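Take -15 as the starting number for the sequence shown in the numbering used here and just add one per residue. Each residue gets a CB set at the ideal place from its N, CA and C atoms; glycine is no exception. Owing to the predicted nature of the structure, the values given are computational and were not obtained by experimental measurement. Notes follow once the structure below has been shown.
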Amino acid sequence: MAMKKRIIIAILFFLAAVLLLFAGLYRWRPDKAVPGFALLAAGPDAPVISTGTFSQGDSIETVLGRAVPYSDILAIAASLKKAGAGFIQAGDLYAVGLSTSGEARRFALARGEALYRVQKGSAGIFTCQKGTLPVITSARETRGTVENSLWEAMSACLAPPAVIMEFADIFAWKIDFLTEPRKGDSFALSWEERRTALGAPCPAKITGAVYRGAETGEEYAFYYGDSYYDEKGGSLRRAFLRAPLSYRRISSYFNPRRYHPVLRIFRPHSGIDYAAPGGTPVSAVADGTVSFAGRKGGYGKFIELRHGAAYVTGYGHLRAFAKGVKAGKKVSQGSVIGYVGMTGLATGPHLDFSIKKNGRFVNFLKLELPPAASLRGAQLEKFLDGIKPLRAGLERTMGKPQEGGLI
-15 MAMKKRIIIA
-5 ILFFLAAVLL
5 LFAGLYRWRP
15 DKAVPGFALL
25 AAGPDAPVIS
35 TGTFSQGDSI
45 ETVLGRAVPY
55 SDILAIAASL
65 KKAGAGFIQA
75 GDLYAVGLST
85 SGEARRFALA
95 RGEALYRVQK
105 GSAGIFTCQK
115 GTLPVITSAR
125 ETRGTVENSL
135 WEAMSACLAP
145 PAVIMEFADI
155 FAWKIDFLTE
165 PRKGDSFALS
175 WEERRTALGA
185 PCPAKITGAV
195 YRGAETGEEY
205 AFYYGDSYYD
215 EKGGSLRRAF
225 LRAPLSYRRI
235 SSYFNPRRYH
245 PVLRIFRPHS
255 GIDYAAPGGT
265 PVSAVADGTV
275 SFAGRKGGYG
285 KFIELRHGAA
295 YVTGYGHLRA
305 FAKGVKAGKK
315 VSQGSVIGYV
325 GMTGLATGPH
335 LDFSIKKNGR
345 FVNFLKLELP
355 PAASLRGAQL
365 EKFLDGIKPL
375 RAGLERTMGK
385 PQEGGLI
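In structure tokens:
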């Protein structure tokens, strides 16, 4: 009788643990998941399947510890670490398969498009295999007109923030969206919305875009291979980015007789001030080598980069240099070299950016940037044929009246 009572109590404890597990783990109910698709499927060895999403501060131990033996948790964590998924991230999706006795038999972790599946073998050893989730794509397109800023205009057209960022990045070599957009400029773009079979969003991919501006003229971008090209097959990439900061306001344009706000005298100012919060990352506009990193008079903390034999760029008033930045270090285009500050003669946090060509200061905003490679021969023909329907679609989209939403 006592033995029977202990068995009943054990079963009740197990059922309570399973209920707690379901209550604690099943927090994610995606409305865009593929019907019937699951991280794990129930089976004879694991009839109980629980799923959920890790939140900020969660770990495998804190989430599974209420119902899964600690030895199983440690083994699962070790196998995930060995497969490259050792650190749990907020938003990771998971599923655990439990036996009727409460032991973990299987575990799955989905992070973006990556899928990690852990299986307990006959010898009691957990092993993990990494794969990918099925991804479902759907075509989207929109258009709009700039009133105040590109961000506001694209947001009003329901373009996702990540797509807006990618749009700006694609044209980063051709258009400075800090200084060149004007009221009345227009744009259109097509992109692939991508979601995993579980409904989790994946990075979108812009397939085609066009920007028509009073200052910029008409610029096209089409995805081909692993890069973007204009309507003639020329690469959008250039030796120099159009600006050392992204989405920041320019405080003053190039002017040979700019009034210095600290010294209160007119002095040549052969550069551009980019107003930005202190600590904003500053990027190298091109591949190069650090020729100077230190204090330089009124520029405060200053970095000078040499780009080949002809060009030198300068970055002044920095709060600090990025780790490892010193004379002789090679840097790549877009890499962080320092942080906006107000060292030297500065009344507020901003970046003083300048460029020299053959030893003379030049206006960066009017600089004719070195050209990049273009598609040629059979590749060019294939590209031009491939973009015909996409370009026609963009032009039709640009011609439609704005409806403030996706098309």
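| Query | Result |
| --- | --- |
| Could you compute how far the alpha carbon of G108 sits from the alpha carbon of R89? | 9 Å |
| So F110 and V102 are in contact, right, with Cβ under 8 Å, and what is the actual spacing, rounded? | 5 Å |
| Using a Cβ-Cβ cut-off of 8 Å (strictly less than) and excluding sequence neighbours within five positions of H334, which residues of its own chain qualify? | S235, D257, Y258, A259, A260, H301, V324, M326 |
| Does the Cβ of T191 have 16 or more other Cβ atoms within 10 Å, making it buried, or fewer, making it exposed? | buried |
| Does G383 pass the burial test, meaning 16 or more other C-beta atoms within 10 Å, or should it be called exposed? | exposed |
| Hey, how far is the Cα of Y295 from the Cα of G255? | 14 Å |
| Helix, strand or coil for R166? Go by DSSP, reduced to three states. | coil |
| Kindly provide the ranges of any beta strand (DSSP E) runs that are 3 or more residues long and lie completely inside the region 265 to 324, ordered along the chain. | 265 to 267, 272 to 279, 285 to 291, 295 to 305, 320 to 324 |
| Out of A152, E177, A357, L99, which one is the CA nearest neighbour of T121? | E177 |
| Could you tell me how far apart the beta carbons of A30 and S83 are, in whole angstroms, since I believe they sit closer than 8 Å? | 6 Å |
| With 16 as the cutoff for other CB atoms within 10 Å, does S63 come out buried or exposed? | buried |
| Work out the CA separation of E164 and G263 for me, nearest whole Å. | 25 Å |
| Does DSSP put P187 in a helix, a strand or coil? | strand |
| Of all the options L329, G41, G168, T297, which has the alpha carbon lying nearest to the alpha carbon of V346? | T297 |
| Please return the same chain residues whose Cβ sits closer than 7 Å to the Cβ of P145, not counting the five positions on each side in sequence. | none |
| Which residue comes first and which comes last in the alpha helix (DSSP H) that contains S83? | Where S83 is concerned, there is no enclosing alpha helix (DSSP H), given that its DSSP letter is neither H nor E. |
| In the region 95 to 149, which residue ranges form an unbroken alpha helix (DSSP H) of at least 4 residues, counting only runs that do not cross its ends? | 134 to 140 |
| Measuring straight from C-alpha to C-alpha, what distance separates G370 and G278? | 50 Å |
| Tell me the DSSP bridge mates of R380? | Bridge partners of R380: none, in fact. |
| Would you tell me roughly how many angstroms separate the C-alpha atoms of H195 and R127, rounded to the nearest one? | In the sequence on display, residue 195 carries Tyr and not His. Roughly 10 Å separates the two Cα atoms. |
| Does the count of Cβ pairs from the region 197 to 210 and the region 151 to 168 closer than 8 Å reach three? | yes |
| Go to D42, then tell me how far its alpha helix (DSSP H) extends in each direction, as first and last residue. | Counting along the chain, D42 falls outside any alpha helix (DSSP H), and DSSP gives it neither H nor E. |
| Hey, how far is the Cα of D42 from the Cα of A22? | 22 Å |
| For P373, does the count of other Cβ atoms within 10 angstroms reach 16, so buried, or fall short, so exposed? | exposed |
| Taking the C-alpha atoms as reference points, what is the distance between A140 and R221? | 28 Å |
| According to DSSP, is F367 part of a helix, a strand, or is it coil? | helix |
| Please classify D76: is it buried, with 16 or more other beta-carbons within 10 angstroms of its beta-carbon, or exposed? | buried |
| Among V269, S39, R375, whose alpha-carbon lies nearest the alpha-carbon of I339? | V269 |
| Residue range of the alpha helix (DSSP H) that D56 falls in? | 54 to 66 |
| State the beta-bridge partners of L329 as determined by DSSP. | DSSP, once it has assigned bridges, lists no residue as partnering L329. |
| Go ahead and pull the three-state DSSP assignment for L229. | coil |
| Return helix, strand or coil for D153, following the three-state DSSP convention. | helix |
| Assign F286 to one of two classes, buried (16 or more other C-beta atoms within 10 Å of its C-beta) or exposed (fewer than that). | buried |
| Going by the beta-carbon positions, is the gap between Y283 and F337 smaller than 8 Å? | no |
| Alpha carbon to alpha carbon, what distance is there between G81 and L24? | 7 Å |
| Can you list, in chain order, the residues of its chain with a C-beta nearer than 6 Å to that of L134? Leave out the 5 residues immediately preceding and following it. | F161, P165 |
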